[in-house]
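Numbering (the UniProt record's numbering), first residue to last: 1 to 388.
The structure appears below as structure tokens.
In structure tokens:
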């Protein structure tokens, strides 16, 4: 490809050939210009009746495709870009002569910047990373915090009462409207002010920024929690009907200080989690109570509740006289039963002197706590008669 664009001179007149030339097919390296070919010039072994062919190196296209540029056009494009610098496309087009300024720009960018030549040429040039040393700001005035907040859910009449402008998405009166007075009269004079005056002005600017952050924080809370809509809903709601149960209302009142650190969704999930924890704790205490009563299955618990409800109903109707606590007579299978035996004495007292003696230790009373004899076979595993 490099040989195509080498300078070629006429073998006969020694002039440089810039356009079409004649090349002899028999004589090696014999090129002649059109003027010498027209007069039938002969030199050395070359005769004017030798076969020949036309050669036009200017018509060779380096890059294929429809409307491809010729080699001469590319050479002129590169010469003009070097001569007039990048960006002067009108002057470059005037130098190329056969292409417009827009075509020159597109061809240069496509071939010598973004093309293979550009990638091979500019590959080692490192582009500076402008975001390498930047730290993302997550403060109250960051881009994330200043993004568009959800609109207020209020009617036109309610917005008018509050001084809210829906199209501007802002209020007529700002929180702490005196904040701008801190910086309204500040003037920087680096030449005539002292270091103390400069520090005082910087302190005022810092105070102003803090007030702006507090203003933005309050706006976010109002929009995120839809406080305006809740305010008017409370005005329209019947005060005799509570919005939440008493326990949940107390919980929400106690969790209200945490609302400034969470969004509305996170705050509601936190309250739901605390409520769920309370329910689980209550259920766990119920299961422990059932277990202490010897109930180990769901069917037993249902039967127990039905039995207790029936007893309470009987007491309420006056059919049964309540003495002490309501009892549910069921053996506790999980409690180890102490085996007992009787010692029956014969003698003057007859058979009334009966004592139950535990095998492990001590002597138990012959009567239960409620004053009834315990001759039930469920509690006495062995009955041994000892005659004395």
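Yeah, the Cβ is synthetic: ideal placement off N, Cα and C, and Gly gets one too.
A quick note: this is a predicted structure, and the numbers were derived from the prediction, not measured.
>> Does residue 20 come out as helix, strand or coil in the three-state DSSP assignment?
In response: If DSSP states are grouped into helix, strand and coil, residue 20 belongs with coil.
>> 7 Å is my cut-off, CB to CB: does residue 71 come that close to chain B?
In response: The displayed structure is made up of one protein chain only, and chain B is not part of it.
> DSSP three-state call for residue 63: helix, strand or coil?
Replying inline: Looking at residue 63 - three-state DSSP - the assignment turns out to be coil, as it is neither helix nor strand.
> Given 8 Å as the limit, is there contact between the segment 223-234 and the segment 175-182, that is, 3 or more CB pairs closer than that?
Replying inline: Per the Cβ contact rule, the segment 223-234 is not in contact with the segment 175-182 (fewer than 3 Cβ pairs under 8 Å).
> Short check: CB of residue 30 to CB of residue 36, under 7 Å?
Replying inline: Taking C-beta atoms as the reference points, residue 30 and residue 36 fail to come closer than 7 Å.
> Expressed to the nearest angstrom, what Euclidean distance is found between the alpha-carbon atoms of residue 81 and residue 15?
Replying inline: Each residue's Cα considered, the two are about 29 Å apart.
> What is the rounded straight-line gap between the Cα of residue 378 and the Cα of residue 298?
Replying inline: Annotation note: pLDDT 40 at residue 378 (below 50); position unreliable, no value reported.
> Assuming residue 158 contacts residue 228 under a Cβ cut-off of 8 Å, what Cβ separation, rounded to an integer in Å, is found between them?
Replying inline: Right, the Cβ-Cβ distance comes to about 7 Å (below 8 Å), so this counts as a contact.
>> On the DSSP letters alone, give me the boundaries of the beta strand (DSSP E) that residue 55 sits inside.
In response: Where residue 55 is concerned, the enclosing beta strand (DSSP E) starts and stops at 52-55.
>> If you follow the alpha helix (DSSP H) that residue 89 is in, where does it begin and where does it stop?
In response: For residue 89, the uninterrupted alpha helix (DSSP H) run begins and ends at 89-96, by DSSP.
> Residues bridged to residue 222 by DSSP?
Replying inline: Beta-bridge pairing links residue 222 to no other residue.
> Given that a residue counts as buried once 16 or more other Cβ atoms are within 10 Å of its Cβ, and exposed if not, what is residue 231?
Replying inline: Classification for residue 231: exposed.
> Among residues of its own chain, excluding the 5 on either side of residue 51, which ones have a beta-carbon nearer than 8 Å to its beta-carbon?
Replying inline: In its chain, beyond the 5 residues on either side, 24, 25, 26 have a beta carbon closer than 8 Å to the beta carbon of residue 51.
>> I need the boundaries of the alpha helix (DSSP H) containing residue 312, first residue and last residue.
In response: Per DSSP, residue 312 belongs to the alpha helix (DSSP H) from 298-317.
>> Give me, in chain order, the residues of the same chain whose beta-carbon lies closer than 6 Å to that of residue 172; leave out the 5 immediate sequence neighbours on both sides.
In response: Only residues of its own chain outside the window of five on either side were considered, and among them 163 have a CB closer than 6 Å to the CB of residue 172, listed in chain order.
>> Report the CB separation of residue 107 from residue 77 in whole angstroms; it is logged as a contact under 8 Å.
In response: Confirmed, Cβ separation roughly 7 Å.
>> Can you tell me whether residue 99 is buried or exposed? The criterion is at least 16 other CB atoms within 10 Å of its CB, across all chains shown.
In response: Burial call: buried.
> Three-state secondary structure (DSSP) at residue 288?
Replying inline: It is helical.
> Which first and last residues belong to the alpha helix (DSSP H) in which residue 109 is found?
Replying inline: Taken as a continuous stretch (DSSP letters only), the alpha helix (DSSP H) holding residue 109 covers 101-112.
> For residue 86 versus residue 92, is the C-beta distance shorter than 7 Å?
Replying inline: No; because the gap between Cβ atoms is not below 7 Å, this pair is not in contact.
> Taking DSSP as the reference, what is the three-state secondary structure of residue 273?
Replying inline: It is helical.
>> Excluding the 5 residues flanking residue 43 on each side, which residues of the same chain have their C-beta closer than 7 Å to its C-beta?
In response: Beyond the five residues adjoining it in sequence on each side, residue 43 comes within less than 7 Å, by CB distance, of 11, 12 in the same chain, given in chain order.
> Any idea what DSSP makes of residue 184, helix, strand or coil?
Replying inline: Three-state DSSP puts residue 184 in a helix.
> Does DSSP put residue 395 in a helix, a strand or coil?
Replying inline: No answer is possible for residue 395: the residues shown for the chain start at 1 and end at 388.
> Three-state secondary structure (DSSP) at residue 13?
Replying inline: DSSP places residue 13 outside both helix and strand once states are collapsed to three, so it counts as coil.
> Got a sec? Which residues, its chain only, sit under 6 Å from residue 295 by beta carbon, not counting five neighbours each side?
Replying inline: Around residue 295: 301, 304.
> What did DSSP end up calling residue 155 once you bin it into helix, strand or coil?
Replying inline: Here residue 155 sits in coil by DSSP.
> Ends of the alpha helix (DSSP H) at residue 70?
Replying inline: Per DSSP, residue 70 belongs to no alpha helix (DSSP H) and is neither H nor E.
> From residue 96 to residue 7, what distance separates their C-alpha atoms?
Replying inline: A direct Cα-to-Cα measurement between residue 96 and residue 7 gives close to 20 Å.
> Under a Cβ-count criterion, where at least 16 other Cβ atoms within 10 Å of its own Cβ denotes burial, should residue 167 be classed as buried or exposed?
Replying inline: By the 10 Å Cβ count, residue 167 comes out exposed.
>> Tell me which residue opens and which closes the alpha helix (DSSP H) that residue 227 is part of.
In response: Element bounds for residue 227: 227-236.
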